[in-house]
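Visitor:
Residue numbers (my numbering): -13 to 306.
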């Protein structure tokens, strides 16, 4: 909860064994031209030099707050811990291996301050390799996410293919706190963003101010087996059956029922959810997840087959 003494912006940086790129990420945050922020680092029981790196920055800059969990609580809980510890009116998650352009916060804060009906602001994304070399700029092309119509914004988030980079945008904290937040499964950012879109417009800064690093150890690329993804997000559920796409779809219905009282708008959103089955082969993904309960190797095989037939998913290889 923000107070008169709270910074305007809170940045939550969840990390686990991030020593390789962590310093670059922190330095890009501390170099922001907008200065009224706090950096909350939640260390998920790292065993490398993460603690020493973070404490070094905390000693040099009073805006840095560092917390270390005694045990690995999973990526989802660590992300949500950052939000729970925040005090600003605006909140942003930051990945330990990404970087920000110095004007990221200034541009996003100005945009949200100028538009009270907007709930989230994100920029174009510049993709960099493990050495920090740029190899392209990506535009999520979420046509309709800035609409004044809630059902149109919902359609954009649910039906248009994109890599969900908006989760790393600047978000109104109240809207985020009152949302379903992140669930303990792999696609939980999707219904969260859909719910935020029901609450307000998404603004895009047409300049690449966020740099996302692609490297072989990046979790979203390295883990292909469902059991690995499940354990990564919530170690307490390791070995359990997980149907992330089914859960995601169910939460889409949940957020529509939660926010929309107008019958016409609600029915439009349900219509979009019926169309969802036939977008990006979602019906096939649902079937594959059921088969993966019996044989977990079905999922990575299906992903390889899909890439071979239709190309890579939205992201760094679909650049403008």
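We put the beta carbon where it would ideally sit given N, CA and C, even for glycine.
Would you decide whether residue 227 is buried or exposed? Buried here means 16 or more other CB atoms lie within 10 Å of its CB.
Guide: Exposed: under 16 other Cβ atoms inside 10 Å.
Visitor: Going by CA-CA distance only, name the one from 258, 183, 10, 22 that's closest to residue 161.
Guide: If we check each option's Cα against that of residue 161, 183 comes out closest.
Visitor: Between the C-alpha atoms of residue 284 and residue 204, what's the straight-line distance to the nearest angstrom?
Guide: If I take the Cα positions, the gap works out to 22 Å.
Visitor: Name the residue from -3, 43, -6 whose alpha carbon lies nearest to the alpha carbon of residue 9.
Guide: Per the Cα distances, 43.
Visitor: When you compare only the Cα positions, how much space is there between residue 65 and residue -1?
Guide: If I take the Cα positions, the gap works out to 8 Å.
Visitor: Check the DSSP bridge columns for residue 121 and list the partner residues they point to.
Guide: Bridge partners of residue 121: none, in fact.
Visitor: Short check: CB of residue 62 to CB of residue 168, under 8 Å?
Guide: Yes, the Cβ-Cβ distance between residue 62 and residue 168 is below 8 Å.
Visitor: Can you tell me the Cβ-Cβ gap for residue 199 and residue 83, rounded? I've got them flagged as a contact below 8 Å.
Guide: Correct: roughly 5 Å between the Cβ atoms.
Visitor: Give me the residue from 97, 1, 151 with the minimum Cα distance to residue 218.
Guide: It is 1 whose Cα lies nearest to the Cα of residue 218.
Visitor: Cα-Cα, which of 15, 97, 141 is closest to residue 79?
Guide: Ranking 15, 97, 141 by Cα distance to residue 79 puts 15 first.
Visitor: Between which two residues does the alpha helix (DSSP H) carrying residue 235 extend?
Guide: Unbroken alpha helix (DSSP H) run through residue 235: 230 to 245.
Visitor: At 4 residues or longer, and completely inside the region 104 to 161: list those alpha helix (DSSP H) runs for me, N to C.
Guide: Segments of the alpha helix (DSSP H) lying fully in the region 104 to 161: 136 to 145.
Visitor: Considering only residues of the region -7 to 49, which uninterrupted beta strand (DSSP E) runs meet the minimum length of 3 residues and lie entirely inside it, listed in chain order?
Guide: As far as the region -7 to 49 is concerned, its whole beta strand (DSSP E) runs of at least 3 residues are -5 to 1, 23 to 29.
Visitor: Can you tell me which of 99, 282, 192 puts its alpha carbon nearest to the alpha carbon of residue 229?
Guide: Taking only the C-alpha atoms, the option nearest residue 229 is 282.
Visitor: Is any heavy atom in the ligand ATP found nearer than 7 Å to the beta carbon of residue 227?
Guide: In the structure on display, the ligand ATP does not appear, and there are no ligands present to speak of.
Visitor: Give me the Cβ distance between residue 181 and residue 232, rounded to the nearest whole Å; I'm assuming they're in contact under 8 Å.
Guide: Their Cβ separation, rounded to whole angstroms, is 18 Å, which puts residue 181 and residue 232 out of contact at 8 Å.
Visitor: How about residue 261 and residue 145: do their beta carbons lie closer than 8 Å?
Guide: Result yes, Cβ atoms of residue 261 and residue 145 sit closer than 8 Å.
Visitor: Within a Cβ cutoff of 6 Å, which residues of the same chain sit near residue -6, ignoring the five residues on either side of it in sequence?
Guide: Cβ neighbours of residue -6 beyond the five flanking positions: 22, 74, 75.
Visitor: With 16 as the cutoff for other CB atoms within 10 Å, does residue 90 come out buried or exposed?
Guide: Residue 90 comes out buried.
Visitor: Would you tell me roughly how many angstroms separate the C-alpha atoms of residue 94 and residue 172, rounded to the nearest one?
Guide: Whole-angstrom Cα-Cα distance: 27 Å.
Visitor: Please go through the same chain and pick out, in chain order, the residues whose beta-carbon is closer than 8 Å to the beta-carbon of residue 103, but skip the five residues on each side of it.
Guide: The answer, listed in chain order, is 134, 186, 187.
Visitor: In whole angstroms, give me the CA-to-CA distance for residue 54 and residue 28.
Guide: Using only the alpha carbons, I get a separation of about 6 Å.
Visitor: On the CB-based measure, 16 or more other CB atoms within 10 Å of its CB, does residue 159 come out buried or exposed?
Guide: Buried is the call here.
Visitor: Starting from the Cα of residue 4, find the closest Cα among 25, -3, 37, -8 and give me that residue.
Guide: The residue with the shortest Cα to Cα distance from residue 4 is 37.
Visitor: Using a 10 Å radius around the Cβ and a threshold of 16 neighbouring Cβ atoms, would you call residue 239 buried or exposed?
Guide: Exposed: under 16 other Cβ atoms inside 10 Å.
Visitor: Using a threshold of 8 Å, state whether the C-beta atoms of residue 132 and residue 153 are closer than that.
Guide: No, Cβ-Cβ distance for residue 132 and residue 153 is not below 8 Å.
Visitor: What first and last residue would you give for the beta strand (DSSP E) that runs through residue 195?
Guide: First-last of the beta strand (DSSP E) with residue 195: 187 to 199.
Visitor: For the beta strand (DSSP E) that contains residue 264, what are its first and last residues?
Guide: From DSSP, residue 264 is part of no beta strand (DSSP E); its letter is neither H nor E.
Visitor: Count the other CB atoms, across all protein chains shown, that sit within 10 Å of the CB of residue 237; report buried if there are 16 or more and exposed otherwise.
Guide: Classification for residue 237: buried.
Visitor: I think residue 136 touches residue 69, with their Cβ atoms under 8 Å apart; what is that distance to the nearest whole Å?
Guide: No, residue 136 and residue 69 are not in contact; Cβ-Cβ is about 23 Å, not under 8 Å.
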